[in-house]
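Report on the following structure.
Protein chains: 2
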Amino acid sequence: MEDIKDILPTIRMLQGAVELIDQTLLPGEYRVLRIETVDLLCEAIAKLRIRGAPALGVAGAYGLLLAVEEAWPQENGYYFDMEGVTVEKFPDVDVTAVREVLDAAGKQIVSTRPTAVNLSWAVGRMKDVYAQDFPGTNKMLERLHKEAIAIYEEDVEMCMAIGRHGAELLKDGDNVMTHCNTGGLATSGFGTALGVVFAAVGAGKKIHVYADETRPLLQGARLNAWECEQRGIPVSVLCDGAVASIMSRGMVSCVIVGADRIASNGDTANKIGTLNLAIVARHYGVPFYIAAPSSTIDRSIPDGDAIPIEERAEEEVKQFKGVTTVPTGARAVNPAFDVTTRDLIAGFITEEGVVQPPFLPE
Amino acid sequence: MEDIKDILPTIRMLQGAVELIDQTLLPGEYRVLRIETVDLLCEAIAKLRIRGAPALGVAGAYGLLLAVEEAWPQENGYYFDMEGVTVEKFPDVDVTAVREVLDAAGKQIVSTRPTAVNLSWAVGRMKDVYAQDFPGTNKMLERLHKEAIAIYEEDVEMCMAIGRHGAELLKDGDNVMTHCNTGGLATSGFGTALGVVFAAVGAGKKIHVYADETRPLLQGARLNAWECEQRGIPVSVLCDGAVASIMSRGMVSCVIVGADRIASNGDTANKIGTLNLAIVARHYGVPFYIAAPSSTIDRSIPDGDAIPIEERAEEEVKQFKGVTTVPTGARAVNPAFDVTTRDLIAGFITEEGVVQPPFLPE
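Taken in sequence, the protein lines are chains B and W. Under the numbering used here, the first residue of the first sequence carries the number 9, and numbering increases by one thereafter. Under the numbering used here, the first residue of the second sequence carries the number 9, and numbering increases by one thereafter.
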């Protein structure tokens, strides 16, 4: 089993800035972006340079640290880094002023992607910290840094626990179908649904992955396939339309996908195409699992009808890397997520084990 | 209702050559190719410059005329044109020699696409003609020309009859979901599944089309949407993965798709993604129809298991217009068709009306 120290973080707080892999360029180009403003972080989130519900949670937490760096910049220095915090040179500012900056940044960050609960969850968790009484700003900033790092570390540990629990469901020789990207790139560093595959392979099982390409942005083809390739796991990419063809031939042992938000009754919002996959899996009796940290469960909403679905720009469907694929007179519909109803889901692989709804308020 | 004379042919026999629209360039560019050899015609079929089961039938018939033009070229002249045939200058060749050329060309043409029955159907129909006894080559060539033109004209007339029968299933205000390209470009000039929409609109009904983009080659996004745009019919393109999302919201009245081959029991091979669509439509109680000329029915096979499925090159999935979307170490699976089982199909819209299997030997 891998250790948390072996995991290369997808997103890092490094010398006062946020560093992340620009996932829109993979697999053609591996480029790390160094981001120094909240505006640019929000741009990166909106353009899906960083995506995946758990990774967005960490981005939200680091984003608040970034807001502080941006509002009170230090010449030739910084306050926050993954390795530690140095707030000795922080100016003499009232705690309330810092809270105002954090509130504004939090609002801006949360509004970039309305469906993923992890953004507001992480920003909310940071707010629960900075809303407390502090003897001075320095103490508050130290606690905020600790909280952001905890969100990161807990995420990696949760992913590895999800992997361990999920791996028990897989047999040697299984063919696992995945959708979108659910590996290390979607999280802080290990993955959810694809992390289950990594853990099974780590435990000595041979697994072959069928990666749905996941139009319109091809996160399955580009990112899940890339992560499998990096780890030497055999992977075959298929068009989203080929799912039923492959399943009808008995070539799929099970489907494991991630989640962007899970309602109390188990209805699950995830990348567009997930619902198709779940319905087809049910038709052929193929088990369909959700793998997600329990932070993805939104116990405040009864069912999927309460989950807002982001409608993204038509251009994502009408163009591909600058090539127009749809005539100008035609429209496009581009829901970014769909909601898979609870009855289609065999189980929820979380860091606490494989669980079943209802998920009642704690 | 439109008349056959108003229809712009998708593929034409023009002054001894085959002319067709290069459909791989649409919607960006409208280019007509003039093809003078069987090899180039086969290349055009294999590369999907011309595609769609009924159009392929006509291509097969014209291909045999082209083989004659190529084997016995006439300086500054030709034998075959859509408007007529002139074989006075045809050399003094034995009927058997012409048959040998036709046999070889027929085999080459049929082998370009193994799934579509219309290619072998049309070539077979031409062979039934040239296998007969003739007093001389000229008579045989005249009969072959007549047969090829008949295959074209019957196809357009069949499409218009399919449209009339199918249009009765549609109500004013309906939202029709389509897959791949099934309009005039897929046939000799009017269309099958999309022809039903054209006929309904021609009869005064308002119809909105949801066109599945149909990866990997995007015939839905590029061609069905283009044909709707040309006729002023409102159309929205969606990714194949968004089908369930749109249907779950009650936004689809019915699904109408074409067919590449229909078995006696009603199992239907059609463009990859059709089976997904049929399973999801069944899940939401949305009627799912096949629209195809009865020549698409292969009464010689009992069910879909007997239909060979073409597996196309991995590169169609791994690249898009030269941009690599899949890492080099990953494989891709690319079945060009799937087989929708008979139980998922509400009815078969043919030129004879809406019919139900079994389709027994005539």
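The beta carbon of each residue, even a glycine, is placed where N, CA and C say it ideally should be.
According to DSSP, residue pairing for Pro343 (chain B) in a beta bridge involves B:Glu319.
Just so you know, the alpha carbons of Asp220 (chain B) and Asp313 (chain B) end up roughly 26 Å apart.
Identification of chain W residues near Ile280 (chain B) by a Cβ-Cβ cut-off of 8 Å yields Cys247, Gly249, Ala250, Ser253, ordered along the chain. Closest option to Ile264 (chain B), judged by alpha-carbon separation, among B:Thr348, B:Asn342, B:Phe328, B:Gly240: B:Thr348. Among the residues facing chain W, Ala267 (chain B) is not included, as its CB has no counterpart in that chain under 7 Å away. When secondary structure is reduced to three states using DSSP, Met134 (chain B) falls in the helix class.
Chain W has a Cβ within less than 7 Å of the Cβ of Thr333 (chain B). Under a criterion of Cβ atoms nearer than 9 Å, the residues of chain W adjacent to Arg223 (chain B) are, in order, Glu221, Arg223, Cys247, Asp248, Gly249, Ala250. In the three-state DSSP reduction, Cys50 (chain W) falls in the helix class (H, G or I). When W:Asp111, W:Gln116, W:Ala158, W:Lys154 are compared, the shortest CA-CA separation from Lys135 (chain W) is found for W:Asp111. Around the beta carbon of Ser119 (chain W), a 10 Å sphere encloses fewer than 16 other beta carbons of the protein chains shown; the residue is thus reported as exposed. In this structure, DSSP gives Tyr160 (chain W) a helical state, which the three-state scheme calls helix. Closest in C-alpha terms to Ile280 (chain W), from the list W:Glu318, W:Met148, W:Tyr87, comes W:Glu318. Pairing Val106 (chain B) with Lys329 (chain W), the inter-Cα distance amounts to about 50 Å. Under the Cβ distance rule, Lys329 (chain W) counts among the residues neighbouring chain B, one pair being separated by less than 7 Å. Look at Ile298 (chain W): its C-beta is not under 7 Å from any C-beta on chain B. Selection B:Ser302, B:Leu226, B:Ala208, B:Thr333 evaluated against Ala61 (chain B) yields B:Ser302 as nearest (Cα-Cα). The region 245-253 of chain B makes contact with the region 329-345 of chain W; the number of CB pairs closer than 8 Å reaches 3 or more.
Relative to Pro224 (chain B), the option among B:Leu41, B:Arg39, B:Val40, B:Lys55 whose CA is nearest is B:Lys55. In the structure shown, the three-state DSSP call for Lys147 (chain W) is helix.
Arg121 (chain B) sits close to Leu127 (chain B), with the two beta carbons spaced by under 7 Å.
Under the 7 Å criterion on CB atoms, Ile241 (chain W) is classed as non-interfacial with respect to chain B. A residue is called buried once 16 or more other Cβ atoms fall within 10 Å of its Cβ, and Gly197 (chain W) is buried on that count.
The C-beta separation of Gly36 (chain B) from Thr332 (chain W) comes to about 6 Å, placing the pair in contact by the 8 Å criterion. Distance between Asn189 (chain B) and Trp80 (chain B), taken at the CA atoms: about 36 Å.
Ranked by Cα distance from Ala130 (chain W), the first of W:Gln140, W:Ile117, W:Phe142 is W:Ile117. Boundaries of the beta strand (DSSP E) harbouring Asn278 (chain B): 276-279, taken from the DSSP string. Counting along the chain, the unbroken alpha helix (DSSP H) around Asp111 (chain W) starts and ends at 103-118.
In terms of Cβ geometry, Gln23 (chain B) and Tyr86 (chain B) form a close pair [threshold 7 Å]. The residue from W:Glu359, W:Ala344, W:Thr282, W:Ile305 with its alpha-carbon nearest to that of Glu323 (chain W) is W:Ala344. Contact annotation: Ile309 (chain W) and Phe367 (chain W) have beta-carbon atoms that are not nearer than 7 Å. Under the 7 Å criterion on CB atoms, Trp234 (chain W) is classed as interfacial with respect to chain B. Residue environment for Val40 (chain W): exposed (fewer than 16 other C-beta atoms within 10 angstroms of its C-beta).
Chain-ordered, the chain W residues with CB closer than 7 Å to the CB of Ile287 (chain B) read Ala252, Ile287, Val288, His291. Using beta-carbon distances, Asn273 (chain B) does not count as an interface residue toward chain W, since no partner is under 7 Å. Under the 10 Å beta carbon count, Tyr138 (chain W) is surrounded by 16 or more other beta carbons and is classified as buried.
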